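Numbering (the numbering used here), first residue to last: 4 to 183.
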């Protein structure tokens, strides 16, 4: 089977570093050529909770879309996503793009609509893959980010995985945490 380029959105607002690191390690077990965007901290959207850490991963896989989604749900479950009585969101992993597929695939809409609605998805995508075209909009992620009028508060956050800083210091300095 040939390899498909995929983009995944990861987020957490409970034990953020631990859960996101666990998610990355699990993904590294079956995805190839993983690269991560900078990590962003943001206020919660749609729920009352602590701040989130979010970022985007690009990788390649030989898994079908259905099998990939099933594995992502297992990783989420392994990290407490579906635990009874949980508070907040320990780990969320969403398929943002699967190759150039557009449409509804057994309830999974691609590209994921949140790409264009949430700054914590679009900004990391614009940094990670600025020249890549959104399959439905036919414009690059950099162009989409520059033209976006999304009103969400977010800022770069320090985060390391396997000894590498995912968020460059100059990005953190350029966009410091706001006074809340």
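Positions of the beta carbon are idealized from the N, C-alpha and C atoms, including for glycine. In this text, all values refer to a predicted model and were calculated from it rather than measured experimentally.
Residue from the options with nearest C-alpha to residue i
i           : options               : result
residue 171 : 127, 151, 152 and 181 : 127
residue 166 : 153, 12, 24 and 45    : 24
residue 116 : 159, 164, 12 and 74   : 12
residue 51  : 70, 76, 68 and 90     : 90
residue 65  : 46, 88 and 102        : 102
residue 46  : 157, 98 and 26        : 157
residue 38  : 53, 56 and 10         : 10
residue 32  : 68, 74 and 54         : 74
residue 169 : 77, 5 and 40          : 40
Contact belief for residue i with residue j at Cβ below 8 Å, rounded distance in angstroms
i           : j           : result
residue 122 : residue 145 : Incorrect: roughly 14 Å between the Cβ atoms, too far for contact.
residue 58  : residue 48  : So it is not a contact: roughly 15 Å between Cβ atoms.
residue 62  : residue 36  : 6 Å
residue 93  : residue 22  : 5 Å
residue 160 : residue 44  : 4 Å
residue 137 : residue 114 : 6 Å
Helix, strand or coil at residue i according to DSSP, with G and I counted as helix
i           : result
residue 8   : strand
residue 1   : Since the first residue of the chain shown is 4 and the last is 183, residue 1 is not available in this structure.
residue 116 : coil
residue 96  : strand
residue 63  : strand
*Quick one: any contact between the region 104–111 and the region 16–30, if contact means 3 or more CB pairs under 8 Å?*
no
*Taking the runs of the alpha helix (DSSP H) that are 4 residues or longer, which of them lie wholly in the region 112–177?*
117–120, 122–131, 144–150 and 172–177
*Tell me the start and end of each unbroken beta strand (DSSP E) in the region 26–59 that is at least 3 residues and wholly inside, in chain order.*
35–39 and 42–45
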